Amino acid sequence: MSDTIKLKRGLDIKLQGEADKVFIPLRTRKFAVKPTDFVGLRYAKLLVKEGDEVKVGTQLCYDKYRENIRFTSPVSGKVVGIKRGAKRILEEIQIESDEKGDAIDFGAADPNKLSAEEIKQKLLKSGVWAGIRQRPYSIVADPEEQPKAIFISGFNSAPLAPDQDLIVHGKGKEFQAGVDALAKLTDGKVHLSLDARNKASEVFTKSKNVTLHYFNGPHPAGNVGIQIHHIDPLNKGESIWYAHPQQVLAIGRLFLEGKYNPERIVALTGSEIKKTGYYKTIIGASIKEMVSKNTTDETLRYISGDVLTGKKIRKDGYISFYDDQVTVIPEGNYYEFFGWAKPGINKFSVSRTFLSKWLKPAKKHRLDTNLHGGERAYVMTGEYERVIPMDIYPVQLVKAIMIEDIDLMENLGIYEVDEEDFALAEVICTSKINVQQVIRQGLDLMRSEMS
1459 MSDTIKLKRG LDIKLQGEAD KVFIPLRTRK FAVKPTDFVG LRYAKLLVKE
1509 GDEVKVGTQL CYDKYRENIR FTSPVSGKVV GIKRGAKRIL EEIQIESDEK
1559 GDAIDFGAAD PNKLSAEEIK QKLLKSGVWA GIRQRPYSIV ADPEEQPKAI
1609 FISGFNSAPL APDQDLIVHG KGKEFQAGVD ALAKLTDGKV HLSLDARNKA
1659 SEVFTKSKNV TLHYFNGPHP AGNVGIQIHH IDPLNKGESI WYAHPQQVLA
1709 IGRLFLEGKY NPERIVALTG SEIKKTGYYK TIIGASIKEM VSKNTTDETL
1759 RYISGDVLTG KKIRKDGYIS FYDDQVTVIP EGNYYEFFGW AKPGINKFSV
1809 SRTFLSKWLK PAKKHRLDTN LHGGERAYVM TGEYERVIPM DIYPVQLVKA
1859 IMIEDIDLME NLGIYEVDEE DFALAEVICT SKINVQQVIR QGLDLMRSEM
1909 S
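Here the sequence shown is numbered in this note's numbering, starting from 1459 and rising by one per residue.
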């Protein structure tokens, strides 16, 4: 049984550099686990030091305030670097792989024959638990809580997003095992959302223990927050867990193989990439071999993730834990004299300010990071409502966060949202407000006040 939810609000940003549907093996020996990838991890306590030998699944660090949540090594080899940032915050645990793949055996098991507690313990000890997050706050799920439902988004609608159907093709057994394990963790339903505009993989459509939903509409239709809002909205005191398809596969492989198998397919995208494609690698891999001799000669921005919500990384940086995409675009470090006064035939615009909106509506753009202006007076224009398909008042919510009015934030729906749900609002914002940063500040404030 499935239903189709039609969304009219949103925006598909068409960019150059979509990934070619070819698989490329990535040979690299440099990997890193980055505690900063895990939102809400206030203090990561180290369990290893430089020079230590590790296996796949060796515990590297844990959350000081939730000690049962552990983060483990994706490869076997040696710890070659511990990088800290401001205030001694742990940023990276760098590992050089020995390419042997020696792994700790956590024991294969049929999740259908295990209790919820036994499943939790296996996920926690192996570090695979980190792939399950919760709303509100978008933090690693609290194993002490009982979610009212679990969501899996089977498609990604962000610019240049990887094809999830291609990624899971032929992996039905692993995906089903992951779904079966997740289904044991809730008394509610496991919701799987698919794109109504494209034919979905049989890995998704033939899955058992899930309730299928189809979404028809522009980005952010693929965001799990939008899907939760339209299927099973969050109320105060409730929690919902979610995972993306490749994290579900990792859960399934843990139960089928008994080992932490952190394989990851990553799409290399962006206008500045000469040869795009899908790279077969492991969580936390260095992108150096991906992009070396494979980019233009421009000054570039390397992004782990998509252009709307991804994180800036170095040319030899590491893919973030939750990302299955790397994007490379031009750096926008220039000034444009009277740019607003030009016809703008080739410029990107969501309004009719420039001729490109009329003349080339389907054009794929080569966009850079330039903001084309600075922060200015915050005015109500109705822009946010055009791109956020949720029944909330987005501008009022942002302003409530700015003045730290907790009661008003609750009334305006702070528990339902996340930064990614406001990414398009940030793109089209006339006032150039860092909306995603404001939303995160609000969520962190609510978590500290309610904990």
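From the three backbone atoms N, C-alpha and C, an ideal C-beta is built for every residue, glycine too.
As the structure is a prediction and not an experimental result, all values here were calculated from the model.
Assignment of Val1786 by DSSP, reduced to helix, strand and coil, places it in the strand class.
Taking Ile1463 as reference, the option from Asp1879, Ala1544, Gly1680, Tyr1595 with the minimal CA-CA separation is Gly1680.
One alpha carbon belongs to Arg1524, the other to His1830, and they sit about 43 Å apart. Ile1471 is not bridged by DSSP to any residue.
Going by DSSP, Glu1525 is part of the beta strand (DSSP E) stretching over 1524 to 1530.
By the Cβ rule, the region 1680 to 1693 does not count as touching the region 1557 to 1566, because fewer than three pairs are nearer than 8 Å. Nearest neighbour of Ile1861 by Cα position, chosen from Gly1900, Ala1883, Leu1504, Glu1878, turns out to be Gly1900. Below 8 Å, enough C-beta pairs join the region 1710 to 1718 and the region 1575 to 1588 to call them touching: three or more.
Only residues of its own chain outside the window of five on either side were considered, and among them Val1598 have a CB closer than 6 Å to the CB of Phe1496, listed in chain order. Residue pairing from DSSP places Ser1611 in a beta bridge opposite Ser1651.
Arg1722 is bridged by DSSP to Thr1739.
Under a 10 Å Cβ-count criterion, Phe1481 is classified as exposed, with fewer than 16 other Cβ atoms of the shown protein chains found around its own Cβ. Collapsing the DSSP output to three states places Phe1481 in a strand.
Looking at the DSSP output, Asn1791 sits in no beta bridge, so it has no partner there. Going by DSSP, Ser1762 is part of the beta strand (DSSP E) stretching over 1758 to 1762.
Cβ atoms of Lys1507 and Val1537 come within 8 Å of each other, at about 7 Å. The shortest C-alpha to C-alpha distance from Gly1589 to any of Ala1566, Ile1897, Ser1778 is the one to Ser1778. Cβ-Cβ distances below 6 Å link Pro1594 to Tyr1873 in the same chain, with the five nearest sequence neighbours on each side left out; the list follows chain order.
Assigned with DSSP and collapsed to three states, Leu1505 falls in coil, not helix or strand.
The straight-line gap separating the alpha-carbon atoms of Gly1742 and Ser1531 is approximately 9 Å.
About 6 Å separates the CB atoms of His1649 and His1671; that is less than 8 Å, so the two are in contact.
Secondary structure at Glu1868: helix, using DSSP grouped into helix, strand and coil. Assigned with DSSP and collapsed to three states, Ala1701 falls in strand.
Sequence-distant Cβ neighbours of Phe1880 in its own chain, meaning closer than 6 Å and more than five residues away, are Val1893, Gln1894, Ile1897. When the five nearest sequence neighbours on each side are left out, the beta carbons in the same chain lying within less than 8 Å of the beta carbon of Lys1857 are those of Tyr1836, in order along the chain.
The beta carbon of Asn1570 sits closer than 7 Å to those of Asp1638, all from its chain and outside the five residues before and after it, given in chain order. Membership of Ala1490 in the beta strand (DSSP E) is indicated by the continuous run 1488 to 1491. In this structure the region 1646 to 1661 lies against the region 1625 to 1633, because at least three pairs of beta carbons, one per stretch, are closer than 8 Å.
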